[in-house]
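Undergrad: After the structure tokens below, expect a handful of questions from me.
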Amino acid sequence: DGEIRLKSVECYHPETDTWWDIPNMAVPRSGAGVASIGQYIYVVGGYDGTRQLETVERYDTEKQIWQFVAPLSKARSALSVSVIDNKIYALGGYDGQEFVPTVEIYDPITDQWTDGVA
């Protein structure tokens with residue numbers, strides 16, 4: 010409905026056509042980007058109902074725990090994310106004032122974001 014932010018997460022298994030709950034994220038959010046690399050699912054940025062977020066949470070599908078990783082340098086929601094060569098690209102998004110034409114690249118090995126070319 011555009012008014013509710015969630016920290017709950019459900020998982021779908023297409024081979025068995027079943028859904029189940031996994032542990033909640035720490036921060037309720039909407040408008041986040043989501044990507045996966047290996048055993049990890051990353052939830053990037055978003056909106057908590059009062060402000061755009063720079064936080065990034067990572068879910069370990071083997072240990073079944075969430076943890077924070079390095080934040081974006083610029084808070085944003087309504088962003089696109091993509092994985093190329095095991096790095097997450099955060100593209101554009103809304104910073105609370107305007108839509109931004111920026112790209113940040115996350116390296117999970119170094120746990121760092123760097124600026125990319127927009």
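Our numbering puts the first residue of the sequence shown at 10, with every later residue one more than the last. In this text, a Cβ means the ideal position worked out from N, Cα and C, and glycines have one as well.
1) Where are the alpha helix (DSSP H) runs, 4 residues long or more, that stay fully inside the segment 75-117, in chain order?
2) Nearest by alpha-carbon distance to Thr-119: which of Phe-108, Asn-33, Thr-111 and Asn-95 is it?
3) Could you check which residue in Lys-16, Glu-113 and Tyr-21 has the C-alpha nearest to that of Ser-39?
4) With distances taken between CB atoms, is the gap from Met-34 to Val-18 smaller than 8 Å?
5) Helix, strand or coil: which one does DSSP assign to Arg-38?
6) Spell out the partners DSSP gives Thr-123 in its beta bridges.
7) Buried or exposed: which applies to Glu-66, given that a residue is buried once 16 or more other Cβ atoms fall within 10 Å of its Cβ?
8) For Ala-128, count the other beta carbons within 10 Å of its own beta carbon; 16 or more makes it buried, fewer makes it exposed. Which is it?
9) Considering just the uninterrupted stretch of the beta strand (DSSP E) at Tyr-21, what are its terminal residues?
10) Considering only the alpha carbon of each residue, which of Ala-87, Ile-97, Thr-70 and Ile-74 lies closest to Arg-60?
11) Can you say whether Ile-97 is buried or exposed, counting buried as having 16 or more other CB atoms within 10 angstroms of its CB?
12) Identify whether Gln-61 lies in helix, strand or coil by the three-state DSSP scheme.
TA: Judging by the given coordinates:
1) Segments of the alpha helix (DSSP H) lying fully in the segment 75-117: there are none.
2) Taking only the C-alpha atoms, the option nearest Thr-119 is Asn-95.
3) Comparing Cα-Cα distances from Ser-39 to each of Lys-16, Glu-113 and Tyr-21, the minimum goes to Lys-16.
4) Yes, the pair counts as a contact, with Cβ atoms nearer than the cut-off.
5) In the structure shown, Arg-38 sits in a strand (DSSP, three-state: E or B).
6) Residue pairing of Thr-123 in beta bridges, as defined by DSSP: Ile-114.
7) By the 10 Å Cβ count, Glu-66 comes out buried.
8) Only positions 10 to 127 of the chain appear in this structure, which leaves residue 128 out of reach.
9) Here the beta strand (DSSP E) through Tyr-21 covers 18-22.
10) Answer by Cα proximity: Ala-87.
11) Around the beta-carbon of Ile-97, 16 or more other beta-carbon atoms lie within 10 Å, marking it buried.
12) DSSP places Gln-61 in strand when its eight states are reduced to three.
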